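Student: This is the structure, below, for whatever I ask next.
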Amino acid sequence: DEGNLLYAEPLFMSKAEREDLCQIMFEVFNVAGLFFCDQAVLSLFVCGKQTGCVVDIGHDKIDIATVTDGQTNTPSVRRLDFAGCTQSNILRSLLEKRGCGILDEREIEALKERICAVAGSSDQYKQMQAAIGNGNGAGESYKLPDGQEISVGKEGVTASELLFSPQQLLGVESAGITEVVYNSIMNHHETSMR
Numbered sequence: 341d342e343g344n345l346l347y348a349e350p351l352f353m354s355k356a357e358r359e360d361l362c363q364i365m366f367e368v369f370n371v372a373g374l375f376f377c378d379q380a381v382l383s384l385f386v387c388g389k390q391t392g393c394v395v396d397i398g399h400d401k402i403d404i405a406t407v408t409d410g411q412t413n414t415p416s417v418r419r420l421d422f423a424g425c426t427q428s429n430i431l432r433s434l435l436e437k438r439g440c441g442i443l444d445e446r447e448i449e450a451l452k453e454r455i456c457a458v459a460g461s462s463d464q465y466k467q468m469q470a471a472i473g474n475g476n477g478a479g480e481s482y483k484l485p486d487g488q489e490i491s492v493g494k495e496g497v498t499a500s501e502l503l504f505s506p507q508q509l510l511g512v513e514s515a516g517i518t519e520v521v522y523n524s525i526m527n528h529h530e531t532s533m534r
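Residue numbers (my numbering): 341 to 534.
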């Protein structure tokens, strides 16, 4: 008997996946009890809140959900099929085009976490772009594990734009994160008004 388990359930988890997980937990790990709770709800609880909008940016997806009084509003749930991994690939591509060599996944992740930036407003974005210049070496210097030093400027801002303008960087018909968050909140509002 291994005690009880609280499972932070990701959005869009299917009934079949939930049943398989239950079977494994009870039959293989011998848990005494298993409780599923939405990740969005738990994210708000950890902040001391029961109502809010949760944006979960992961490796390969972005989940957005509104929660009211500890309950996820299912019609408001949205998913974008790009996130951290896509941003890393864009950053790698931009740097390789500039001749920075081939960066492995660990290097590109460390670089992304250090230099990628998002502006708080369109004015701040314009200021960041002006400060960086044309991207030919202006920006922050970064030393790779092999000792090579590269300068990253516009690439860090451009890779972060994926979140807001995926159609520009990926060439796909997809709304950016701000539009999807707005739509999720508005859908929640319409649903709660019925």
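Backbone N, C-alpha and C fix where the C-beta goes; we use that ideal spot for every residue, glycine too. None of the values given here were measured: they were computed from a predicted structure.
Give the single residue among Thr-412, Gly-487, Leu-382 whose Cα lies nearest to the Cα of Gly-441.
Tutor: That would be Gly-487, whose Cα lies nearest to the Cα of Gly-441.
Student: In or out: Cys-456 buried (at least 16 other Cβ within 10 Å) or exposed?
Tutor: Burial call: buried.
Student: Tell me the rounded alpha-carbon separation between Ala-380 and Tyr-347.
Tutor: Computed Cα separation, rounded: 12 Å.
Student: Which of helix, strand or coil does DSSP assign to Ala-470?
Tutor: The answer is helix: DSSP assigns Ala-470 an H, G or I state.
Student: Alpha carbons only, please: which of Leu-374, Lys-494, Ile-525, Met-468 is nearest the one belonging to Ile-342?
Tutor: Correcting the residue identity first, residue 342 is Glu in this sequence and not Ile. Per the Cα distances, Leu-374.
Student: Examine the Cβ distances between the stretch 488 to 506 and the stretch 455 to 471 and report whether three or more of them are shorter than 8 Å.
Tutor: They touch, by the three-pair rule.
Student: DSSP beta-bridge partners for Asp-400?
Tutor: None; Asp-400 has no bridge partner.
Student: Where does Pro-350 sit, in a helix, a strand or coil, going by DSSP?
Tutor: Coil at Pro-350, not helix or strand.
Student: Taking the beta carbon of Ser-462 as the centre, do at least 16 other beta carbons fall within 10 Å, making it buried, or is it exposed?
Tutor: By the 10 Å Cβ count, Ser-462 comes out exposed.
Student: Could you tell me the alpha carbon to alpha carbon distance between Ser-505 and Thr-414, rounded to whole angstroms?
Tutor: Rounded to the nearest angstrom, the two C-alpha atoms are 25 Å apart.
Student: Would you decide whether Ile-404 is buried or exposed? Buried here means 16 or more other CB atoms lie within 10 Å of its CB.
Tutor: Its Cβ being crowded by 16 or more others within 10 Å, Ile-404 is buried.
Student: Tell me whether Arg-358 sits in a helix, a strand or coil according to DSSP, three-state version.
Tutor: Three-state DSSP puts Arg-358 in a helix.
Student: Considering Cα atoms alone, identify which of Tyr-522, Ile-517, Leu-510 is closest to Ser-428.
Tutor: Checking every option, the nearest Cα to that of Ser-428 belongs to Leu-510.
Student: Could you check what DSSP says for Leu-484 in three-state terms: helix, strand or coil?
Tutor: In this structure, Leu-484 counts as coil in the three-state DSSP scheme.
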